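Novice:
Numbering (the UniProt record's numbering), first residue to last: 1 to 134.
(1) Could you pull out every residue in the same chain whose Cβ sits closer than 7 angstroms to the Cβ of residue 87, ignoring the five residues on either side in sequence?
(2) If you scan the UniProt domain "MYND-type" (89-127) from start to end, which runs of the beta strand (DSSP E) of 3 or more residues do you find wholly inside it?
(3) Counting only the same chain and skipping the five closest in sequence on each side, list residues whose C-beta sits under 7 angstroms from that of residue 124.
(4) Using the Cα positions of residue 149 and residue 107, report the straight-line distance between them to the nearest angstrom.
(5) Quick one: residues in its chain with C-beta nearer than 7 angstroms to the C-beta of residue 111, no 5 flanking neighbours on either side, listed in chain order?
(6) Can you grab the Cα-Cα spacing for the pair residue 113 / residue 92, in whole Å?
(7) Return the chain-ordered list of same chain residues with a C-beta closer than 6 angstroms to the C-beta of residue 115, the five sequence neighbours on each side being excluded.
(8) Please report the distance separating the alpha-carbon of residue 121 from that of residue 132.
(9) Reducing DSSP to helix, strand and coil, say where residue 131 ends up.
(10) With a 10 Å radius around its C-beta and 16 neighbouring C-beta atoms as the bar for buried, classify residue 3 as buried or exposed.
(11) Look at the alpha carbon of residue 84 and the alpha carbon of residue 101, and state the distance between them as a whole number of angstroms.
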C-alpha cells in the first residue's frame, strides 16, 4: 500500500507540473519542444494501471494531453505567421518583404536602403536600446 501511495504522489506531482507549465504561456513552447506529449503518454499508461488513479486523475490528464497535442499544430502555424510579419519592411507605409536587416541592431528588416533611411528617425532610439541590450 505504501508503494502505491508513493507512486500516486509521483504521478500526481508530475501531472501538476505538466499542468502548471502548460498553463503558463511563456513556457508552453518550451514544454512542447521538450516532448510533453511523450510525458503525457507515459503518464497515461501509468494511470491506466490503477483503477483509483484513473477515476481521480485520468480524465484531467487526458484533457491536458489532448490540449497539448492540438495546440502544437496551432503553435507551429503561429510561429510561421509571426516570422512572416517580422520580416516585412519596417518603414511606414511599405508592405514589401524585408530582406535586409538593420546593420546596427539586426532586429528590424527593410526592403531597400531608401526605406531604411526614411525610417531611421523613428528607429534610432529603438536601435540604440537594442544594441545596449545585447
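For glycine and all other residues, C-beta sits at the position ideal for the given N, C-alpha and C.
Just so you know, these numbers come straight off a predicted model, no measurement behind them.
Specialist: Looking at the atomic coordinates:
(1) Sequence-distant partners of residue 87 (beyond 5 residues in either direction) whose C-beta falls short of 7 angstroms from its own C-beta, in its chain, are 97, 98 and 109.
(2) With a minimum length of 3 residues, no continuous beta strand (DSSP E) run stays inside the UniProt domain "MYND-type" (89-127).
(3) So the list is empty, once near-sequence residues are dropped.
(4) Residue 149 cannot be examined here, being either before or after the span of the chain that is shown, 1 to 134.
(5) 89, 94, 96, 97, 98 and 99.
(6) For residue 113 and residue 92, the distance between alpha carbons rounds to 14 angstroms.
(7) The residues are 89, 91 and 94.
(8) Distance between the alpha carbons of residue 121 and residue 132 is about 18 angstroms.
(9) Correct three-state label for residue 131: helix.
(10) Its pLDDT being 48, under 50, residue 3 is placed unreliably in this model, and the value from its coordinates should be taken loosely. Of the residues assessed, residue 3 falls on the exposed side of the cut-off, its CB having fewer than 16 other CB atoms within 10 angstroms.
(11) Low confidence applies to residue 84: its pLDDT is 47, below 50, so where it sits in the model is not reliable, and the reading given next is rough at best. Rounded to the nearest angstrom, the two C-alpha atoms are 14 angstroms apart.
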